[in-house]
Structure formats: structure tokens, C-alpha cells
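Remarks on the structure that follows.
Numbering (our numbering), first residue to last: 211 to 519.
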């Protein structure tokens with residue numbers, strides 16, 4: 211297995227990294243991280259640590275997102291405001307004193323990593339596409355192997371599988387405790403050295419949310435509503451033929467007698483862009499390639515835009 215260690219800065223989208231955070235955001239991040247570090251107690255349980263970590267993430271970044279345990283996962287950050295939304299981030303927590311259970315920069319083959327493999331077949335490029343591992347995981351889940359404990363899975367399946375990997379795994383590693391001096395030195399010019407860490411933990415990075423100047427992101431509201439109105443309800447119609455709402459908003463826009471602004475034959479035969487409403491549910495195709503949080507084929511219904519994007 212080839213390990214490629216990335217610093218927080220190297221892990222970030224370059225366009226996102228260039229956006230300067232507000233002073234209030236960095237100040238909040240510093241206060242809450244200091245509170246998290248000051249509350250670390252190596253004699254406490256992992257459950258206690260999870261609660262502290264939950265508070266830090268929620269109060270700093272994820273007020274609008276649901277964070278809690280899920281199944282066997284220590285903590286999960288959902289992509290929505292409730293537990294029904296998909297899991298976006300999985301967190302395995304270990305006490306600072308548990309040095310063998312947590313990964314290190316030179317070794318990912320540790321219990322925390324084994325747990326992630328067991329708890330979610332989410333590493334699509336390396337793990338979920340490996341038929342041998344998927345078969346072993348399925349046999350383990352259905353109690354067809356000689357052992358059915360999690361320790362059996364870690365030692366007999368996950369550990370030898372990771373040891374035999376030849377593919378590259380890129381990962382980011384950092385230690386909060388190494389930032390103590392920057393957090394407390396009182397020199398605000400040093401706060402620039404915290405920006406990469408701040409952005410690494412943000413929902414824009416971990417949940418892949420769009421950010422302000424991301425030229426590759428699509429402003430769905432503008433595309434599905436404004437452009438549709440301008441093209442098909444305004445430019446393609448004479449001023450006397452426009453519906454009242456469009457006529458009022460675009461009263462200064464002339465009529466352009468051009469097929470460019472007419473619906474295409476395909477759009478006439480199927481559906482207008484403006485008809486794509488996100489409050490309607492679409493049944494997922496039985497042969498879909500979409501997968502749920504456990505790596506199984508997705509079933510049920512999704513909102514229209516969620517299905518498309």
C-alpha cells in the first residue's frame with residue numbers, strides 16, 4: 211500500500227483556499243478549539259471524548275447539520291438537518307492515550323481504520339469495488355465465517371486486506387495539540403496559519419458544499435428559474451403574448467424573433483427545464499448504480515434534483 215500524506219493546505223480545493231474567512235469565523239474556531247483541547251482528559255471514556263468533539267463541530271461549523279452516532283459509527287455528520295439525510299462524514303474516536311488504536315502518518319493499518327471499513331463500505335475506489343473484500347464482508351455479516359465478532363473482522367479480514375493493498379491512498383493527518391501555541395499567542399497575524407485547518411474541517415470541504423467563487427459550481431436557482439424565464443417566457447414571445455408575471459419583471463426586454471430562444475423539439479416532446487420541481491419524488495431505477503450508506507444498491511425514492519445531481 212502506497213501512502214501519500216497531504217497537509218491540510220494540500221488537501222483543499224485551491225479556489226476554496228483562496229477565499230479569506232471572516233475574522234468572526236476564525237475567532238469562533240479558535241475559542242471552540244481551545245475549549246476542546248482544554249477539556250481533553252485521558253482518563254475519561256471515548257464516549258466523553260465523542261461528546262466534546264460533537265460540541266466542537268456543531269458549535270463551530272455544523273449548526274445546520276445533524277451530528278450523532280449512527281449504527282456502529284462513533285459520530286456521523288449528516289448532509290441534512292435530521293437523521294433521515296445521508297451520512298456525509300464518518301468519525302472514529304479514540305482516546306489520546308490509545309496510541310495503537312488510532313492511525314499514524316506512517317501506518318493506516320490500525321483499529322480506527324478497520325472500524326471504518328466494517329461500518330461502511332464507503333471507500334468506493336479502493337474497498338467497495340474489491341470483490342474479495344465485499345465477499346468476505348458479506349460472509350461476515352451473514353455469519354458464514356468461523357468468527358462473528360468485530361475483533362475477528364479487524365484481525366482476520368481488515369488487517370490482512372490493508373496490509374496487502376498495492377493501490378495508493380491519499381490521506382490527511384494532523385494533531386490539534388500542535389496548534390496550541392498559535393491558538394494562544396495573542397498575535398492575530400499568526401491566525402493565517404490556522405486557515406487551512408479551519409477550512410479542512412468546514413462543511414464546504416468535508417461535505418463538498420459549493421462556495422462563493424467556485425466557478426465549477428452550478429447556481430441551480432439561476433439556471434432553472436431565471437434563465438428559463440428569460441429564454442422561453444420572454445425572448446421567445448412577443449410582448450403582447452407574455453404571461454403577466456414575466457411581462458412585469460422583464461418589461462424592458464425586447465422580443466427576439468429567433469429559433470435560439472424557442473424550445474427544442476426534444477423539450478417540446480418531453481419536459482421543460484422549468485418543470486423540474488424539487489418537491490416531487492422520483493422512484494429509483496431498479497438497476498441503478500447508486501448506493502446507500504452501507505454500499506448496497508439504493509432503493510426507494512429521491513427528490514428530482516437529488517436524483518439528477
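Ideal Cβ positions, reconstructed from N, Cα and C, are used throughout, including at glycine.
A quick note: this is a predicted structure, and the numbers were derived from the prediction, not measured.
Starting from residue i, trace the beta strand (DSSP E) in both directions and tell me its first and last residue.
i, result
"residue 372", "Unbroken run through residue 372 is the alpha helix (DSSP H), 369-373; no beta strand (DSSP E)."
"residue 299", "297-301"
"residue 391", "Looking at the DSSP string, residue 391 is not in any beta strand (DSSP E); the run it does join, the alpha helix (DSSP H), is 390-394."
"residue 511", "511-513"
Which residue comes first and which comes last in the alpha helix (DSSP H) that contains residue i?
i, result
"residue 498", "Looking at the DSSP string, residue 498 is not in any alpha helix (DSSP H), and its letter there is neither H nor E."
"residue 245", "233-248"
"residue 220", "218-221"
"residue 224", "224-228"
"residue 343", "341-351"
"residue 454", "454-459"
"residue 261", "256-270"
How would you call residue i, buried or exposed, if buried means at least 16 neighbouring beta carbons within 10 angstroms?
i, result
"residue 325", "buried"
"residue 433", "Because the pLDDT of residue 433 is 48, which lies under 50, any placement of that residue in the model is unreliable, and the question is left without a value."
"residue 243", "buried"
"residue 270", "buried"
"residue 396", "exposed"
"residue 464", "exposed"
"residue 431", "With a pLDDT of 49 at residue 431, under the threshold of 50, the modelled position of this residue cannot be trusted; read the value that follows with caution. Classification for residue 431: exposed."
"residue 444", "buried"
Out of the options, state which residue places its alpha-carbon closest to the alpha-carbon of residue i.
i, options, result
"residue 268", "249, 248, 283, 291", "291"
"residue 391", "404, 382, 383", "404"
"residue 258", "221, 306, 227, 299", "306"
"residue 516", "240, 237, 296", "296"
"residue 298", "308, 451, 283, 310", "283"
"residue 261", "317, 279, 407, 312", "279"
"residue 369", "355, 251, 323, 256", "323"
If residue i sits next to residue j, beta carbons under 8 angstroms apart, how far is it from one beta carbon to the other, in whole angstroms?
i, j, result
"residue 277", "residue 287", "5 angstroms"
"residue 227", "residue 398", "At roughly 20 angstroms, the Cβ-Cβ gap does not stay under 8 angstroms, so residue 227 and residue 398 are not in contact."
"residue 491", "residue 506", "No, residue 491 and residue 506 are not in contact; Cβ-Cβ is about 20 angstroms, not under 8 angstroms."
"residue 222", "residue 415", "6 angstroms"
Looking only at DSSP bridge pairs, what is residue i linked to?
i, result
"residue 378", "212"
"residue 286", "278, 300"
"residue 314", "317"
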